[in-house]
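In the order they appear, the protein sequences are chains H and F. Heads up, the first sequence is in the numbering used here, so the first residue is 14 and it goes up one at a time. Heads up, the second sequence is in the numbering used here, so the first residue is 14 and it goes up one at a time. These notes are about the structure you will find just below.
Number of protein chains: 2
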Amino acid sequence: MKNTMMPHHRMTRQRQVILEEIRNDKTHPTADEIYEKVRKRIPRISMGTVYRNLDMLASSGLIKRLEPGRSQMRFDGDITDHYHLTCVKCGRIEDILFESPENSIETLERALGHLTKYGVFGHRLEFFGLCSICRREEDVTGLVSLAAR
Amino acid sequence: MKNTMMPHHRMTRQRQVILEEIRNDKTHPTADEIYEKVRKRIPRISMGTVYRNLDMLASSGLIKRLEPGRSQMRFDGDITDHYHLTCVKCGRIEDILFESPENSIETLERALGHLTKYGVFGHRLEFFGLCSICRREEDVTGLVSLAAR
DNA sequence: CTATGTGCAAACTATTTGCCGTCTG
DNA sequence: CAGACGGCAAATAGTTTGCACATAG
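Set out below in structure tokens:
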């Protein structure tokens with residue numbers, strides 16, 4: 014009752030290396046950042062191969078495709094459920110790990126759970142703010158005035 | 014204590030018509046959909062002008078720029094706070110108006126409110142499911158199996 | 001008047017694809 | 001050894017930009 018006519022996927026060296034590099038990268042890299050890293054190990058690899066593999070790996074669930082509005086796609090080797098913070102200053106994407114007093118994420122997830130009853134199967138929740146690096150630079154200097162996006 | 018060196022914006026006919034067309038369109042149109050509509054009223058308008066004005070209108074807050082991952086930008090003349098449902102089948106974007114028993118959105122917003130304490134200024138929350146049109150087609154036939162995205 | 005905006009066309013960026021030879025299973 | 005895959009280069013799609021003229025305020 015499964016795998017009827019499913020194309021068979023091979024684990025080529027290219028695919029293997031791409032997967033490894035994404036898994037070893039906590040920065041949510043773009044396709045060309047991945048390309049550069051992989052190229053150090055497989056110099057003649059092409060961008061087309063990288064994209065094809067990113068597609069394949071994402072649709073088979075081995076990696077996650079992030080889709081920040083506007084800018085390019087980014088990829089995440091961490092496929093466990095978590096949210097991201099997109100930095101409004103530098104564009105970097107960080108994981109959000111709230112162990113807040115209010116357990117906000119749990120409240121959120123509970124609320125989101127209710128929605129599935131109304132025809133919603135999934136959601137994407139993204140946060141905007143300053144990443145840890147930009148927060149440091151910004152310091153007490155000035156608070157960022159943020160147009161809601 | 015304001016408007017120091019701010020460029021002055023003119024309300025040209027092009028800008029006016031673009032704004033009108035977006036405001037009269039509940040479908041969250043793409044740039045080229047807007048272009049086609051505007052072209053019926055200003056035949057010689059160019060795509061460049063449409064894009065420049067969409068940028069300007071969005072950054073001045075007169076319209077909202079939606080940024081569905083992958084696909085093109087879409088725009089919304091309704092700038093009041095609301096969430097969207099992106100149809101996983103046809104890509105259409107609908108407004109979500111939950112007046113659910115659990116008041117899920119209120120719970121959500123309350124939870125999201127807490128996060129601002131932790132350096133998050135804004136968020137984007139998108140839902141995935143079937144839009145009203147595709148829901149009708151799908152009928153009782155088959156439930157969509159949805160990879161979490 | 002003059003800075004802001006327009007039309008046009010060319011440029012750009014990220015991503016996708018066709019072709020054909022290569023290699024995995 | 002067949003079908004999946006890779007390299008290469010060209011093609012796309014969406015969006016942006018430089019330029020010279022037009023126009024709102």
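All C-beta atoms in this analysis are idealised placements derived from N, C-alpha and C, irrespective of residue type, glycine included.
For F88/H, not one C-beta of chain F is nearer than 7 Å to its own C-beta.
Taking the beta carbon of R83/F as reference, the chain H residues within 9 Å of it are R78, E80, M86, listed in sequence order. For E139/F, the enclosing beta strand (DSSP E) begins and ends at 133-142.
In its chain, beyond the 5 residues on either side, H41, M86, R87, F88, D89, H97, I106 have a beta carbon closer than 8 Å to the beta carbon of L79/F.
Not flagged as an interface residue toward chain F: G104/H, since no C-beta distance is shorter than 7 Å.
DSSP, reduced to helix, strand and coil, places T93/F outside both helices and strands of the structure shown, so it counts as coil. A contact is defined here as three or more CB-CB pairs under 8 Å, and the region 46-62 of chain F fails this definition with respect to the region 42-57 of chain H. Looking at the backbone, the Cα of P20/F and that of I76/H are separated by about 45 Å.
Following the DSSP letters along the chain, one finds R52/H in no beta strand (DSSP E) but inside the alpha helix (DSSP H) bounded by residues 44-52. Here the alpha carbon of K39/F sits roughly 16 Å from the alpha carbon of V30/F. In terms of Cα proximity to L143/F, the closest of G135/H, Y64/H, Y48/H is G135/H. In the structure shown, C100/F adopts extended strand secondary structure according to DSSP, grouped into three states. Remark: C-beta atoms of R137/H and E46/F do not approach each other more closely than 7 Å.
With the criterion set as a beta carbon lying under 7 Å from some beta carbon of chain F, the members of the region 136-153 of chain H are H136, R137, L138, E139, F140, F141, G142, L143, R148, in sequence order. Ranking I35/F, R28/F, Q27/F, S145/F by CA distance to the CA of V101/F puts S145/F first.
Excluding its 5 nearest sequence neighbours in each direction, V63/F has C-beta neighbours in its own chain below 7 Å: I31, A44, I47, Y48, V51, listed in chain order.
Here R28/F is not bridged, per DSSP, to any residue. Inter-residue distance for T25/F and C147/F is about 39 Å (C-alpha atoms, whole angstroms). The three-state secondary structure of E80/F, taken from DSSP, is coil. Contacts with chain F at 7 Å (Cβ-Cβ) do not include V63/H. The beta carbons of I92/H and G104/H sit about 22 Å from each other, so the pair does not count as a contact at 8 Å. The C-alpha of G82/F lies about 31 Å from the C-alpha of H22/F.
Secondary structure at I106/F: strand, using DSSP grouped into helix, strand and coil. C-alpha of L110/H to C-alpha of H95/H: approximately 8 Å in a straight line. Around T93/H, no beta-carbon contact reaches into chain F at under 9 Å, the shortest distance being about 11 Å. The C-beta of E34/H has 16 or more other C-beta atoms within 10 Å across all chains shown, which makes the residue buried. Nearest Cα to G132/F within the set Q27/H, V133/H, T99/H: T99/H. At the C-beta level, R28/H and N66/H come within 7 Å of one another. When the five nearest sequence neighbours on each side are left out, the beta carbons in the same chain lying within less than 8 Å of the beta carbon of A71/H are those of K77, R78, F88, in order along the chain.
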